[in-house]
Amino acid sequence: MQIPSFYEQVYEVVRLIPKGRVMSYGGVARQCGRPGRARAVGYALHMLQAGTRVPWWRVINSYGRISIPDPEAAELQRQKLTEEGVVLDEHLRTDMRKYDAEMVVYEKLRRRRREGVRGS
DNA sequence: CCAATGACCGTAA
DNA sequence: GTTACGGCCATTG
């Protein structure tokens, strides 16, 4: 297949974030092999439609906070995370040291690469 | 092609 | 703790 589009890479990585864990936009960009493209990651997630299988709510900013301008979407994200056991304080902030899944995703990608990647 | 926009990030004060 | 700035770059007009 062709080189995955940036979007597809982003969605692929986000899909690897385990339930109950989170990852920063920058972290997703790094695991896509595109460090520094955090903004583009946000743009990609912004494009997702309702009902997508991509767990977009597990992506927050490096400050550990929900970073969605739209209040409704932000509330939905807070709800989703709480359901999964992610604790958020009154400022919608969470402890990244505790929930960051970047290393987990890194290991998954590393193993996948070792076993050889074939069509989804 | 150029300019503006944005669910970002790191650093500095 | 806060605000400000420069840098980042995919997408859109």
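Numbering-wise (this note's numbering), the first sequence opens with residue -7 and increments by one.
Note that the Cβ used here is the ideal one computed from N, Cα and C, for glycine as well.
All values derive from a computational prediction rather than experimental measurement.
Could you give the distance in angstroms between the alpha-carbon of Ala32 and the alpha-carbon of Arg85?
-> Residue 32 sits at position 40 when you count from the first residue of the first sequence. Residue 85 sits at position 93 when you count from the first residue of the first sequence. Those two C-alpha atoms are separated by around 22 angstroms.
How long is the line joining the alpha carbons of Lys100 and Ile9, rounded to whole angstroms?
-> Counted from its first residue, the first sequence places residue 100 at position 108. Counted from its first residue, the first sequence places residue 9 at position 17. The C-alpha of Ile9 is placed about 10 angstroms away from the C-alpha of Lys100.
Assumed close pair Arg29, Ala42 - CB separation to whole angstroms, cut-off 8 angstroms | The residue labelled residue 29 in the question sits at position 37 within the first sequence. The residue labelled residue 42 in the question sits at position 50 within the first sequence. Between Ala42 and Arg29 the Cβ distance is about 25 angstroms, and since that is not below 8 angstroms, they are no contact.
Please report how far the alpha carbon of Glu0 lies from the alpha carbon of Met39, in whole angstroms.
-> On the first sequence, residue 0 is found 8 positions in, with the first residue counted as 1. On the first sequence, residue 39 is found 47 positions in, with the first residue counted as 1. Near 12 angstroms, if we compare the C-alpha coordinates of Met39 and Glu0.
How would you label Tyr55, buried or exposed, when you count the other beta carbons within 10 angstroms and need 16 or more for buried?
-> Locating residue 55 in the first sequence gives position 63, counting from the first residue. Tyr55 comes out exposed.
Start-to-end residues for the alpha helix (DSSP H) that takes in Tyr55 = The sequence position of residue 55 within the first sequence is 63, counting from 1. Where Tyr55 is concerned, there is no enclosing alpha helix (DSSP H), given that its DSSP letter is neither H nor E.
Cβ atoms of Ile58 and Gln69: under 7 angstroms apart, would you say?
-> Position 77 of the first sequence, counted from the start, is the residue given in the question as residue 69. Position 66 of the first sequence, counted from the start, is the residue given in the question as residue 58. Yes, these two residues count as a Cβ contact at 7 angstroms.
Can you tell me whether DSSP reads Val46 as helix, strand or coil?
-> To locate residue 46, count along the first sequence from 1; it is residue 54. Three-state DSSP puts Val46 in coil, outside helix and strand.
Under the rule that 16 or more other beta-carbon atoms within 10 Å means buried, what is Pro63, buried or exposed?
-> Position 71 of the first sequence holds residue 63. Exposed, since its Cβ has fewer than 16 Cβ neighbours within 10 Å.
By how many angstroms is the C-alpha of Trp48 removed from the C-alpha of Gly25?
-> Looking up residue 25 in the first sequence gives position 33. Looking up residue 48 in the first sequence gives position 56. Going by the C-alpha atoms only, they are around 19 angstroms apart.
Between the Cα of Asp87 and those of Arg13, Val5, Val109, Ser(-3), spot the shortest distance and give me the residue it belongs to.
-> The residue given as residue 87 occupies position 95 in the first sequence. The residue with the shortest Cα to Cα distance from Asp87 is Arg13.
Three-state secondary structure (DSSP) of Met15 | Translated into positions along the first sequence, residue 15 becomes position 23. In the structure shown, Met15 sits in a strand (DSSP, three-state: E or B).
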